[in-house]
Amino acid sequence: MVIDTPAEPAPNNKGVSKTTGSPSDSKMDDSKDLEFPSSSSSSLQQASGGPQRVGTYIIERTIGKGNFSFVKLARHTVTNVKVAIKIIDKTKLNEENLKKAQREADILKSLHHPNIIKLYQVMESEKLLCIVTEYLPNGELYEYIAKNGYLNEQVARHKFMEILSAVEHCHLNNVVHRDLKAENMLLDQHMSIKLADFGFGTFQPTGPDLLLTTWCGSPPYAAPEIFKGEPYLGVSADIWSLGVILYVLVCGVLPFNAQEVSCLRRQVLEEHVRVPYWLSMCKSPLSLSSSSNCSVELLRFHN
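If you're matching positions, the sequence shown starts at 9 in this note's numbering and goes up one per residue.
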């Protein structure tokens, strides 16, 4: 097992060791740090009628689900600190998706920024991969806007600067997110932005093979080159998504929105979006001709 060493990490307990290797480099004994029932590798053990546990954490409830994973709200048995644990069932993953899950842990371990979700610990057994992060009680930025409406100019500027700072840190560390969206911007107890969910993230290639080819992300936020099925720069795809997020912040709706992906594709490729005249900085990343030349630094300058 590998433990990250961020500021204020969850404390270590017996059977847990620190290492500077990759989160996928080592295993641990199922019977010690992770507890599993014999009937299902994807569920957690509830010993002697007590609470469910994973390692040194008491499970409280499920707060999210994916195709091959679920996210649990848990509490550390010693410090009582609440955490979020993404539990991935490795038995249901093919080799490619397993590498993707392990890469997500590697990416989180490489990033340390106040506006990026903090990694506490990575635990791995033969059947499960568990990624322990800070718990962010105020949910998604998208949900907040859906409930309260678009943000005023001052608040939108502040939130977008936090997002820009987080994404810039990723790019400076050779990481591209590839699924930037308001749903992946979480809010902490102070309502500050925390960039999360690096499931589609990757380390940007260098040299002659610097273009990416995987179709990934969320269609309403996807860049034109992704819809075209062309090789793309991960940074440019992230920049386009930032433009969509900014539009959501100040308008309260998506700039491109359709039930069918084919209709959404046509909107994006034909630039069927009306940008308010006062939102000039949103036009650059949402332009077919200029998004590849735009940068986080340029967006900050316009802001």
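Each residue gets a CB set at the ideal place from its N, CA and C atoms; glycine is no exception. All of these numbers come straight from a predicted model, not from anything done at the bench.
>> Check whether chain C comes within 8 Å of K94, counting only Cβ atoms and requiring the distance to be less than that.
In response: Looking for chain C here will not work: only one protein chain is present.
>> I'd like the list of long-range same chain contacts for Y150, defined as Cβ closer than 8 Å, with 5 residues on each side in sequence excluded.
In response: K189, A190, E191, M193, V256
>> Within the continuous beta strand (DSSP E) that includes Q129, where are the two ends?
In response: 127-132
> Using DSSP with H/G/I as helix, E/B as strand and the rest coil, what is V243?
Replying inline: helix
> Q60 and I67 look like a contact to me (Cβ under 8 Å); what is the Cβ gap, rounded to whole Å?
Replying inline: 4 Å
>> Under 8 Å, with one C-beta from each stretch per pair, do the region 221-238 and the region 174-183 reach the 3-pair mark?
In response: no
>> Distance check for N160 and E148, CA to CA, integer angstroms please.
In response: 18 Å
>> Taking DSSP's pairing of strands, which residues face I201 in a bridge?
In response: L195
> DSSP state of A8, grouped into three classes?
Replying inline: Nothing about residue 8 can be reported from this structure: the residues present for the chain run from 9 to 311 only.
> Excluding the five sequence neighbours on either side, which residues of its own chain have a C-beta within less than 6 Å of the C-beta of V140, listed in chain order?
Replying inline: V91, I93, Y128, Q129
> At what residues does the beta strand (DSSP E) containing C321 begin and finish?
Replying inline: Residue numbering for the chain in the displayed model covers 9 to 311; residue 321 lies beyond these limits and cannot be assessed.
> Around the Cβ of M199, are there at least 16 other Cβ atoms within 10 angstroms (buried) or fewer (exposed)?
Replying inline: exposed
> When you compare only the Cα positions, how much space is there between N105 and T99?
Replying inline: 11 Å
> Taking the Cβ atom as the reference point for each residue, do I96 and K80 lie within a distance shorter than 8 Å?
Replying inline: no
>> Classify W248: buried if its beta carbon has 16 or more other beta carbons within 10 angstroms, exposed otherwise.
In response: buried
> So the beta strand (DSSP E) L136 belongs to, where does it begin and stop?
Replying inline: 136-142
> If A266 and R186 are in contact, beta carbons under 8 Å, what's the gap, nearest whole angstrom?
Replying inline: Between R186 and A266 the Cβ distance is about 21 Å, and since that is not below 8 Å, they are no contact.
> Residue range of the alpha helix (DSSP H) that L277 falls in?
Replying inline: 269-277
> So, is S270 buried or exposed, given that buried needs 16 or more other C-beta atoms within 10 angstroms?
Replying inline: exposed
> To which residues of the same chain is A164 closer than 6 Å at the C-beta, ignoring the five residues directly before and after it?
Replying inline: L257, V258
> Helix, strand or coil: how does DSSP classify T87 here?
Replying inline: coil
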